[in-house]
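Have a look at the structure below, then the notes.
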Amino acid sequence: MDTVINIVSWLLMTSGGLFVLVGGIGALRMPNLYTRMHAASVTDSIGPILVIGGLILQAGMTLASIKLTAILVFLLLTGPTASNALASAAMLSGHKPELAQEISEDDAV
Amino acid sequence: MYLAVALAVVVTMGLALIRALLGPTVYDRVLAVNMMGTKTVLLLSVITFAIGRPDFLDLALAYALINFIGVLAVLEFFRKRSELDPENNTREAE
Amino acid sequence: MSSWTPHLPALQVVVPLMTAPLVVLMGDRRLAWAMTTAASLCALAIAIALVGEVGEQGTMVYEMGSWAPPYGIALGVDAMSALLLLVVAGASTLGLLAAATSVSTEVEHQRQPHFYAAWLLALAGLSGILVTADAFNIFVFMEISSLSAYILIAGGPDRRALPAVFKYLAMGTIGATFYLIGVGLVYMMTGTLNLADMEQRLADVGDAEPILVAAGFITVGLALKAAIFPLHAWLPNAYTYAPNVVTVFLAACATKISIYVLIRFDFFVFQANLTEHDWQFSYFLMPLAVLGILIASAVAIFESNLKRLLAWSSVAQIGYIILGASLISVTGLTASMLHMFNHSIAKGTAFLALTCLALSISRLELKNIGGIAKQMPWTMAAFVVGGLSLIGVPGTAGFISKWYLISAALEMGDLALPLVAVILIGSVMAVIYVWRVVETAYFAKGTGVVAGDTIREAPLAILLPTWIAVLLNIWFGLAPSLPVELSGNAAELLMGHLR
Amino acid sequence: MNLIFGIFLLTLMLITGIAVVRAKNLFVATTLMGIFSLLLAANFFLLDAADVALTEAAVGAGISTVLFLSALSLTAEQEKPCYGGRLVALGVVVITTLALLHATLDSPRVGDINAPVHQHVAPWYIEQTPILIDVPNIVTAILASFRGYDTLGEVFVVFTAGIGVMFLLAHYPHKKPHKPHQGLRHYLIQRLVGRTVIPFILLFGFYVQFHGDFGPGGGFQAGALIAAAIILYALIEGTDTALTVIPSWLLTGMVSGGALLYSGVGIAGMLMGGNFLDYSVLASDPVAGQHLGILLIELGVGITVTGVLLSIFFAFASRKHF
Amino acid sequence: MSKPDLHTPQISRLASILILFVLLAATWLVWSGLFKALLLFLGLVSSVLCLWLAIRMRFFDDYLFSLPVGRGYLRYLVWLTREVIKSSLDVTKVVLSPSLPISPRIARIRAGSDHPYDQVLFANSITLTPGTLSMDLDEGVITVHALTEQGMRDLLAGEMDRRITALRGK
Amino acid sequence: MSHIDPILLALLIPAVGALAIGIAGRINDNLRETVTLVTAGLLAYNVWGIAPEVLAGGRPGLKLFDVVPGLEIAFNIEPLGMMFACLASGLWIINSIYSIGYMRGNKEKHQTRFYIFFAVALTATMGIAFAGNLFTLFLFYEALTLSTYPLVSHKGDEKTVRSARVYLGILLATSIGLLLPAIIWTYSLAGSGDFVLGGILEGHVSGPTIGLLLGLFVFGIGKGAMMPIHRWLPAAMVAPTPVSALLHAVAVVKAGVFAITKVIVYIFGVDFLFAEPSSGWLLYAASFTIIGASLVALQQTNLKRMLAYSTIAQLSYVIMAASILKPLAEVGAAVHIVAHAFGKITLFFAAGAIYVASHKTELPQLAGIGRRMPWTMTAFTIGALSMIGVPPTGGFVSKWYILAGAFQSDNYVAITTIILSTILNAAYFLPIVYMAWFAREPEQDRVEHGEAPLPAVIALTITAALTILFFLFNAPVLELERQIVEIPQ
Amino acid sequence: MEYLGLYNYWIAVVLLMTGFYAVIAKRNMIKKLIGLSLFQAAVFLLYITMDKVEGGTAPIFTADGAGQIFSNPLPQVLILTAIVVGISTTALGLAIVVRTKEEYGSIEEDEIQQMDGQETDSNEGSPKNSDFFVSARKPRAEDRNV
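What follows is the structure, given as structure tokens:
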């Protein structure tokens, strides 16, 4: 049982680490602010989910895993909020995104 | 194994730092700061396990929180600035 | 009451410290003044009691929280700290007595409770540095006193107080941080923070590089805080644009406390352990002291703003104090200690007189005080006495310390003549800058006085503290046995420590 | 492993530090400073200083950034180029650097167990804390009891800063019609998430406050966290609303009350026959007395720090713009 | 799945307060993990203090405060996690491909639910999924920025909005 | 009164007097002047009352208190000091009378301040006269400098203030810059600074150091007005004439040479110095000053300035006499202090009287003035003769002793100097006397005037009389001075 | 490896000096304060570096782990205090900067110096008091003249 949990948790953590790394590379490679934010959000969403998930498996049923859960919840709550805040701020100061083409699907709405 | 994850996180932090240094706009930098904040949280979580003292997770929790407030403060800063100085708010760093 | 005696070192700090939050809570400016003055008087009484106790039983040690010294923080009061405690508490009390009249013209009413709280904190911080025997605790209280000093100075009515205080803040923080680095390096090599313990353990380490560098950092850091030439850049403007009573208080004691720490650290920690440290100490500080005396006096001669003139004079006088210490002899250290005491009295008097003047004149420029002695005879007489004491005219306190300083310089063999010459040239320059003011006040026509400035003698409430200071000048000029004895004891202690 | 991480993080820090100084835009410098603080805190953590890491995170990355931003929005964002004086500065710096580097060559290596620091005083603390004070966190034991006087000083440093900022900024020269400060009221997402997390941040603050004996934390960190929570509230709801929640008289009371509580405990020790800040005499059993004393003074620290940080923040945030 | 009726303010307010209190107290217990009398007492005090502050902050005075309770949310979270993983892989592909095949798009999407809480959940879920980013939420209209056209299409398909709207049992 | 020590009393009387004058000045001018006179009278009574005891060989002393251990304020009356005190206190009475006439006649402002500081200056003078050690001497020396500053700058206009600045600057600078280290050096060498007959430095110091120390003392005591630090004295002539008369002919300058003499006699010791070649320069310096100052005086056209340079020359007589280092010369030095005091005060009184009556200050204006102011000019003539050293005036007595001392030691430099300077003195005084009595009054600035106010005339008559009387009755003074060089019985 | 153990110190020193440089060379007041923070932070690092013991752990006892090696707690205590001192100084400094901006309209030290210089040159009779304080002072002739 332990080995299974171990293997799963390692798997989770490693893939989490990889995603994080990808997000980092993306943040560097992307051409402008908004596209970079997409890359960054990889590190903010899937990264924590996988890494902390792995850690929870490691910790088992202890207080630590509850704290880890709290951290995860917190990150998932605040991460997007912060991104949104940043995007709004950028918009607010007239920072226009470069678009391939604008779709306004809900103009009909 | 923790090492590998931690290393990935640290390298990402390095990449974020490069982004923070490159800019080119202040928002890119803030983005990088935010990234570094969440990465630090991850790093700390991993390290607490790596050194076998999971009771220090409090730290990671505190970080997560502080980072959020920091970004909101930045937003508030921009909001105030655009209120005060509407023409000049497209100004970019460097 | 006698059961409180052992607690006196702690109370010296705690009384003003605890009064500060109370003052903020009360929020009424008159009450604030009254409480502050009461606390300051109380501190003065404690200081006097401590001087008595130290005279009787030598060094007093107090263990904070009842933890024994290397583990807990110990307080220690000896002759040197007792002497300066008197200075600090006395200057604060005199300044506060004058503040009753003066502060309202410079600090807005609703801000005064904060002002007085800052004053108390400065008092507590300075006293805290003096009583403690722990290297890190010195840093903490140094910061309390510095921060409150920044606040007090920033309270000045002129906008130029702000850049001045910012400069002070930047340089003061660098100084404190340098000190912290030095303490850290020493701690790294000894593992302790208690000064006495540190010295003992340093003996094993000896001349290790970190210790030498630490000595350098501590010296430079404290020199910055003490405004030792050429690190004095913050001082003139900070003193000039501070509220007048604040200048009285700070000019009398703030920089001296840093010198105190410098001397204490050097003699009680380094001197006995480092080879040739005395040599380095002397030859580092002596030229600075000499240059400080000469250059700062020269600048003072050409200064037309009265407060800045006195501030430059302070830089010069700090040179004397350092010069005395750099001789590393009993007489030299006695002179140094004594000059700390006497200079605070003299400078305090002079600045108090300026405070009186400021009540009538909005701009303390030389040209504005032409012939003012006619309208303000008591004020100007007080200034004259303070000035004479600065010069070192016999019969005033300043003379006694000059006497000791020259005696000490004469013991120096080859260096005697040049050093005496420097001291004397400095004194002569002091004659010039003091006399420019006196002469203008007494004999110049009142050309600069703006019509409409109603010049009349300052009210009794402020003349009283001024004249108390004047009398102190004369008293300690004629019967200086108390400070002489204390500084003599302190010097014996310092030098005796080296053997 | 620590070494590698350490070196990596330190190098990042170094880069950040230099970038901070080189940045011409002050906002950029401030945000980079935030990164720097985070990295520093992570380093502290690697170096086994959990309490310090927590403090640095709360203060350096959180409060400090907020304060700098508040000040920036009241002043200027761009640094003007300056000429001259660089060579002198560089000279001074190079000399000092060389001196310090020279000093380090003789220093004990990092982690060396035979270093002098680990031989004297510190072992005593580690040995005696369980006996004399009996709290798990040795740092707290030293902070609150063995070196409680330092901490008293620290509280008063904070108090002084609070007084100072209020003295300088809390009064207005001319009462102009004041536009109520809106904050992020129109940002629904932030508001809502903020509301959800604020009670938990507060709770976390209290948790840190009262678990200082057991884990990293204590009055100061708690104060910073609680203040951060309320600052968050002020950010999303506006300073004026926040001031109705925590009125300024309450702040003043907290600023003074905490400091008084701390020193009052000290005086109580004195009155009950011990020395100043001697907690052992507070209860019949010395260890229980220590516990009580530490609890009370940590509370004092927490109250003052919260009060002061909030006062400072409000002083900046409600200052009118020029 | 009984939800407190949001339109009877008194009850909902009290319920919210109670729920928050229980949550706070429980959080304290699991964070602390120490069951000493003193700490339990302090925990109680702390929870009450937090609650008091929250009340002073008027969190319960308007509809803006409510907490996610119910199994529906859990199910949604699981779904969301899957989405996140899926889109993460997409973004990873984009990032790692040498040509960086991005085609940024912007769209305005109206949230299906009127409830601000749901709107925020929607917006944040969008942001949480890599590849899409909510830039602004104004009167129920969310401005979305997408990294690729594919991502935008997926979003516009409306699956997420439907699930969120369903949560409140409409 | 008898239970208060008379020495203390000598200090207290003028000090209290100063206070009383201040209070009286607020009430009434006459009262103020009465108080001045009463104070002066009391002081003289008190001081002269001590004299018999000293004359009989007593050396009353008073130790006030220790400032710091080893540094005490102590007084000790020896003959030289006694004489100086008697001189100053006695002349203060006469000077006060004269001041009343002068100040009123000139309608000066700030008269109260004037009298107050005059009294303070007298306190300081008494302190100097009775000082028992170097420290006390220095204390009162500085007090004298400072208290005379307001008197010198009395007029308050720019020129006066500038001159007063020179006055104060030189005196303070020399005393702090040279005298103070000399004193401290002495203390650190000998362990004390007490005035002891025969000196205290013997055995503690040798070789060129002695010369250096002596130099520090001689030039440090700037009031001795040795060239090149004499500039303050002419500068001080901007003061009202009573100030020039009492202070800059008697009290201040005499305090200077008195102090130098005291240092030579009681600190170095005459015999010790005589045996030491490195102190020989003093004689040459003094001679140079005598000749130099006389030559400068010859070129002056302003009466008071001329008198000032004459004073410089005469002061160096005293120094030169002291530096001959022979007992007779020391007596001569002491006597010259007295003799010159009488003569010079007369001259100044006369100059002041002329100014009050006619507002003339320049020498050419004085032509024919003898006929308008016969009393004044008679007194002036007597004073001038005394300066030259013609019998039957006091000046002759002192020159006699100095010459005798010079011959005793075969000191030809001194002898030559005395002869040369006598000729020079005659050369600048006699023309004035001649002109005043015999020349015709110039037409263009003819002013109708008579004698000066009566108090002034009375005062100058008294001093002129004293100048002559000193020639006839100098025994007590000589007796007193002999004791300086001999061990008292 | 010999010198690798000093890497921490070296970084701390270089950072220290970076901050120090900013304080000396920069004229912008906020930049100076940032430099000051950097400077202090580096000192914190210097101290904390000392406390590390190889194989040690943070000095907090755990229920199970008796007999662990602990890192040195004392530098941590000191630095906790120092951090607080640092933020206090920074806050006060910022307050001063804000007031300076209000009074001078600039936070560049050289500009301010220039303004002060002009003030004394051209405009000697009139002290430029901050408008803040005028109300607190008695009205004086000089103010009326302005």
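Chains as they are written, first to last, in our numbering: chain R, 7 to 115; chain C, 32 to 125; chain L, 35 to 533; chain P, 77 to 398; chain W, -19 to 150; chain H, 2 to 490; chain G, 81 to 226. Ideal Cβ placement from N, Cα and C applies to all residues, glycine included.
Report task. Give me the Cα-Cα distance between G/Q120 and G/L96, rounded to the nearest whole angstrom. Result -> Distance between the alpha carbons of G/Q120 and G/L96: 7 Å.
Requested in this report: Please determine, among H/I313, H/A19, H/Y318, the residue with the shortest C-alpha to C-alpha distance to H/S236.
Outcome: The question names Ser, yet the displayed sequence has Ala at residue 236 of chain H. Considering only alpha carbons, the answer is H/I313.
Requested in this report: Compare the C-beta of P/H250 with all C-beta atoms of chain W and state if any pair is closer than 7 Å.
Outcome: The pLDDT assigned to P/H250 is 48, lower than 50, so where the model puts this residue is not dependable; a value taken from the coordinates is nonetheless given after this. Cβ-Cβ to chain W under 7 Å: no for P/H250.
**Report entry** Assigned secondary structure, H/A240 (DSSP; H/G/I helix, E/B strand, else coil)
**Finding:** Of the three classes helix, strand and coil, the one that applies to H/A240 here is coil, per DSSP.
**Report entry** Range covered by the alpha helix (DSSP H) that runs through L/V49
**Finding:** L/V49 -> alpha helix (DSSP H) spans 42 to 60.
**Report entry** Cβ-Cβ distance between H/L133 and H/A75 below 7 Å
**Finding:** According to the sequence provided, residue 133 of chain H is Gly. The question's Leu does not apply to it. Going by C-beta atoms, H/G133 is nearer than 7 Å to H/A75.
Query raised in the report: Is the segment 180 to 195 of chain L touching the segment 160 to 175 of chain G in the sense that three or more CB pairs, one from each, lie closer than 8 Å?
Result: Contact holds: three or more Cβ-Cβ distances are below 8 Å.
Query raised in the report: In terms of residue numbering, what span does the alpha helix (DSSP H) encompassing W/H95 cover?
Result: Counting along the chain, W/H95 sits inside no alpha helix (DSSP H), nor does DSSP assign it H or E at all.
Query raised in the report: What's the gap between the Cα of H/L316 and the Cα of H/F220?
Result: When rounded, the distance between both Cα atoms is 13 Å.
Query raised in the report: Going along the chain, which residues of its own chain have a beta-carbon closer than 8 Å to the beta-carbon of H/F66, five neighbours each way excluded?
Result: Here the set comprises E73, I74.
Query raised in the report: Does the segment 131 to 145 of chain G come within contact of the segment 103 to 122 of chain G, defined as at least 3 CB pairs closer than 8 Å?
Result: Fewer than three Cβ pairs drawn from the segment 131 to 145 of chain G and the segment 103 to 122 of chain G lie within less than 8 Å of each other, which leaves the two stretches out of contact.
Report task. Output yes or no for whether 7 Å exceeds the beta carbon distance between L/V349 and L/G129. Result -> With contacts defined as CB atoms closer than 7 Å, L/V349 and L/G129 fail to qualify as a contacting pair.
Query raised in the report: If we call anything under 7 Å between Cβ atoms a contact, is L/A478 one with L/G405?
Result: Yes, they are a contact pair.
Query raised in the report: What whole-angstrom Cβ distance do L/L157 and L/S115 have, given they're in contact under 8 Å?
Result: Under the criterion of beta carbons closer than 8 Å, L/L157 and L/S115 do not qualify as touching, at roughly 15 Å.
**Report entry** Run of the beta strand (DSSP E) containing P/F389, from where it starts to where it stops
**Finding:** Bounds of any beta strand (DSSP E) do not take in P/F389; it lies within the alpha helix (DSSP H) bounded by 362 to 393.
**Report entry** Under 7 Å from the C-beta of G/T137: neighbouring residues of chain C
**Finding:** Against G/T137, the close residues of chain C are I82, R84, in the order they occur along the chain (beta-carbon pairs closer than 7 Å).
Report task. At 7 Å on the CB atoms, spell out the chain P contacts of W/W59, in chain order. Result -> At a C-beta separation below 7 Å, W/W59 has no neighbours in chain P, since its nearest C-beta there lies roughly 21 Å away.
Requested in this report: Pull up the CB-CB distance for P/F235 and P/V384, whole angstroms please, since I reckon it's below 8 Å.
Outcome: About 6 Å separates the beta carbon of P/F235 from that of P/V384, a gap short enough to meet the 8 Å contact definition.
Query raised in the report: In this structure, what does DSSP give as the bridge partners for L/A108?
Result: For L/A108, DSSP records a beta bridge to L/E97.
Requested in this report: Would you please verify whether the beta carbon of P/Y225 is less than 7 Å from any beta carbon of chain L?
Outcome: For P/Y225, the answer is yes, since a Cβ of chain L falls inside 7 Å of its Cβ.
Query raised in the report: Closest Cβ-Cβ distance between P/F286 and chain W: below 7 Å?
Result: Any Cβ of chain W closer than 7 Å to the Cβ of P/F286 would place that residue at the interface, and such an atom is present.
Report task. Let me know if P/D226 comes out buried or exposed under the rule of 16 or more other beta-carbons within 10 Å of its beta-carbon. Result -> Looking at its Cβ environment, which holds 16 or more other Cβ atoms inside 10 Å, P/D226 is buried.
Query raised in the report: When Cβ atoms are compared, which residues of the segment 179 to 194 of chain L fall closer than 8 Å to chain P?
Result: For the segment 179 to 194 of chain L, which is checked against every Cβ of chain P, the residues closer than 8 Å are L181, S182, Y184, I185, A188, G189.
Report task. State yes or no: is the beta carbon of G/Y184 nearer than 7 Å to at least one beta carbon in chain P? Result -> Closer than 7 Å: no.
Query raised in the report: Does any C-beta atom of chain L lie closer than 7 Å to the C-beta of H/L470?
Result: No, because no Cβ of chain L sits closer than 7 Å to the Cβ of H/L470.
Query raised in the report: When the cut-off is 7 Å and only beta carbons count, does P/G378 lie next to chain C?
Result: Under the Cβ distance rule, P/G378 does not count among the residues neighbouring chain C, no pair being separated by less than 7 Å.
Query raised in the report: Which residues mark the beginning and the end of the alpha helix (DSSP H) in which W/R90 is found?
Result: Taken as a continuous stretch (DSSP letters only), W/R90 belongs to no alpha helix (DSSP H), being part of the beta strand (DSSP E) at 85 to 90.
Query raised in the report: For H/F408, which of helix, strand or coil comes out of DSSP?
Result: Correct three-state label for H/F408: helix.
Query raised in the report: Is the shortest distance between the beta-carbon of L/Y202 and the beta-carbons of chain P less than 7 Å?
Result: Not closer than 7 Å to any Cβ of chain P, the Cβ of L/Y202 fails to qualify, so no.
**Report entry** Distance CB(G/Q156)-CB(P/V128) smaller than 7 Å
**Finding:** Yes. Within cutoff.
Query raised in the report: Which residue or residues does DSSP assign as beta-bridge partners of C/F108?
Result: Answer by DSSP bridge pairing: none, since C/F108 is not bridged.
Report task. Pick out the complete beta strand (DSSP E) segments inside the segment 131 to 200 of chain G, 3 residues or longer, and give them in chain order. Result -> If only complete runs of 3 or more residues are kept, the segment 131 to 200 of chain G shows no beta strand (DSSP E) anywhere.
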